[in-house]
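Protein chains in written order, with the numbering used here: chain A, 174 to 457; chain B, 95 to 405.
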């Protein structure tokens, strides 16, 4: 085994451990809030953790540092995964997570850039964060900045027309500093995405629109890192990573359950979910 | 007063002036660069001009993203699509986070003319006025449009400037000092106040002249900033004259007429007559024909004033 491989495995293990912690934070936060969106937060946990703890240049001590990379959570209802990543990164105290959705909290039901340090732009109304991320990438290009923009969209969200307006614009302006990631868990509120309005073939759609596309297992940290590395090597066009995921991932009674799209776990469910996550490996 | 120009003509010209002194000015357009006059900016600053194609929603949300990188984004298109089609992008992605985006569409109101009702927005003031934190400006002539567009840059946050296609008489000149939020008394009077905005300001002045011939002293006040409204100036004049006509090229629901009526109902109730589009859609025609058809002429303003005076 080469040193390179060993280092890589160590990195993957560290991110995996951090992702477990992020998942327990999501569960606890939603349990305390009594409402919110566990399913889509858990499906995105490995992707968001990899971005904040491996991929992106950012500085919690200076959230608006101009040289930072940007992350836009276009599927804003997955706010818990973003808040957990920001708290774990040191943008605000971890204790704040228990105040999610409360009247005096800076942690709104959907991300608010003016209330929460580290949130790049307010999102929640689907499709708009993706378009705003394209605008950010364009602004950074104008300034010849080295910063990159990462944006996570949902599969149900991809039914929004603005997603495709923005998807046409980004390649037109060769925004190779932009990486879209599709959290493809195939569940939306009313059922399976493929049963409601199918977005397949997702990769072929973005390829046809002029994006470089990569398909991965969105829970395999090594594949996530590999895709993000590949995106950096692609010049002259944006990259869309189609991340196949499982809604509610790593909590047995939430996995693939559409009911946990927008329902918080009970006290007992919190205990069971955290138990399962902790049993799956070390926390980080 | 002989020269007439459209407020939209001020747009491209002012953008160039702003672009020369401020490298952060970025202009977005939605396939209407010639009509909105942003093509002038494109020619001088091709690297800071982006045509979004026929995709107004993406244009607005991208403008929000650009604003987070320190750009001051001006967004074009026609008022119908900027405020109607892209309403929620403006509401949720620009205004909710209070981002520094200037929404300056042209072709507002029925004076769009022959294109007809689908393109004649009579709801845009209402749509923009209801959004928290949005500044809403409706210039009365070319010079006021120039000043308002330039001042919009100094306001940190979203600004809506309503521009039109119709050529209008000049009321102001190059030296005019436009102050956002300040009503301007253009003519003093004692019997009735005419609060007017946009294209209706010059016709209100004509109406006041005609009313004077009938022995009626009309005060004419230009309300170019509809939000924040100059409450004190409006109340002061209503106290003085006791009768109010509000004139606008917009639905009588939700625009300046509503804003003035809401204010006066609470603070100083007086009889109010609204001259505007009476809750109907527009139609094709020449601008002058349309103004007559929908009751938006100086004659209609005079009649409304006389009605309040029981004459």
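Idealized CB from N, CA, C, for every residue including glycine.
- Residues of chain B with a Cβ closer than 8 Å to the Cβ of residue 306 of chain A are, in chain order, 159.
- Looking only at B:218, B:168, B:139, the smallest Cα-Cα distance to residue 153 of chain B is reached by B:168.
- For a cut-off of 8 Å, the C-beta gap from residue 226 of chain A to residue 188 of chain A is around 6 Å, short enough to register as a contact.
- From the beta-carbon of residue 146 of chain B, the residues of chain A found nearer than 9 Å are 338, 342.
- Taking the C-beta atoms as reference points, residue 305 of chain B is found no nearer than 9 Å to residue 101 of chain B.
- Put simply, the backbone Cα of residue 405 of chain B is about 29 Å away from that of residue 326 of chain B.
- Here residue 404 of chain A carries a helix assignment [DSSP, helix/strand/coil].
- Residue 243 of chain A belongs to the set of residues whose beta carbon lies under 9 Å from a beta carbon in chain B.
- Counting the other CB atoms within 10 Å of its CB gives residue 234 of chain A a total below 16, which places it among the exposed residues.
- Closest in alpha carbon position to residue 258 of chain A, among A:317, A:341, A:214, is A:214.
- Annotation: the continuous alpha helix (DSSP H) that includes residue 401 of chain B extends over 392 to 402.
- Against chain A, the CB of residue 229 of chain B has no partner CB under 9 Å away; the residue lies outside that interface.
- In this chain, the beta strand (DSSP E) harbouring residue 417 of chain A covers 412 to 417.
- In summary, the residues of the segment 169 to 192 of chain B whose CB is separated from some CB of chain A by less than 7 Å are 182, 183, 186, 187, 190, 191, 192, in the order they occur in the chain.
- When Cβ-Cβ separations below 9 Å define contact, residue 141 of chain B makes contact with chain A.
- Taking 3 residues as the minimum length, the beta strand (DSSP E) runs contained wholly in the segment 338 to 369 of chain A are 351 to 357, in order along the chain.
- Cβ proximity to chain A below 8 Å picks out 120 from the segment 104 to 136 of chain B.
- Following the DSSP letters along the chain, one finds residue 256 of chain A inside the alpha helix (DSSP H) bounded by residues 252 to 262.
- A distance below 8 Å between beta-carbons, with the five flanking residues on each side excluded, links residue 178 of chain B to the following residues of its chain, in chain order: 215, 217, 218, 221.
- Taking a Cβ-Cβ threshold of 8 Å, the residues of chain B close to residue 287 of chain A are 191, 192, in chain order.
- By the Cβ neighbour-count rule, residue 180 of chain A is exposed, with fewer than 16 other Cβ atoms within 10 Å of its own.
- Beyond the five residues adjoining it in sequence on each side, residue 183 of chain B comes within less than 7 Å, by CB distance, of 151, 154, 155 in the same chain, given in chain order.
- Here residue 304 of chain A is buried, its C-beta having at least 16 other C-beta atoms within 10 Å.
- Residue 254 of chain B is bridged by DSSP to B:197, B:230.
- Bounds of the beta strand (DSSP E) holding residue 143 of chain B are 143 to 145.
- Neighbours of residue 156 of chain B in chain A, taken as residues whose beta carbon is under 8 Å from its own, are 304, 305, 307, 308, 311, 339, 342 in chain order.
- In the three-state scheme derived from DSSP, where H, G and I count as helix and E and B as strand, residue 243 of chain A is classed as strand.
- A Cβ-Cβ contact shorter than 9 Å links residue 388 of chain A with residue 414 of chain A.
- Exclusion of the five residues before and after residue 310 of chain A leaves 322, 348, 350, 351 as the residues of its chain whose Cβ lies within less than 6 Å of its Cβ.
- The alpha helix (DSSP H) runs of length 4 or more contained entirely in the segment 132 to 215 of chain B are, from start to end of the chain, 133 to 138, 150 to 162.
- Proximity of chain B to residue 301 of chain A at the Cβ level (cut-off 7 Å) is accounted for by 155, 183, 186, 187, in chain order.
- Counting C-beta pairs closer than 8 Å gives three or more between the segment 284 to 294 of chain B and the segment 323 to 340 of chain B, which meets the contact rule.
- Going by beta carbons, residue 251 of chain A and residue 327 of chain A fall inside the 9 Å limit.
- Straight-line measurement puts the Cα of residue 199 of chain A at about 28 Å from the Cα of residue 307 of chain A.
- Interface flag for residue 334 of chain A against chain B is set, since a Cβ pair is found closer than 9 Å.
- Chain B has no Cβ within less than 9 Å of the Cβ of residue 210 of chain A.
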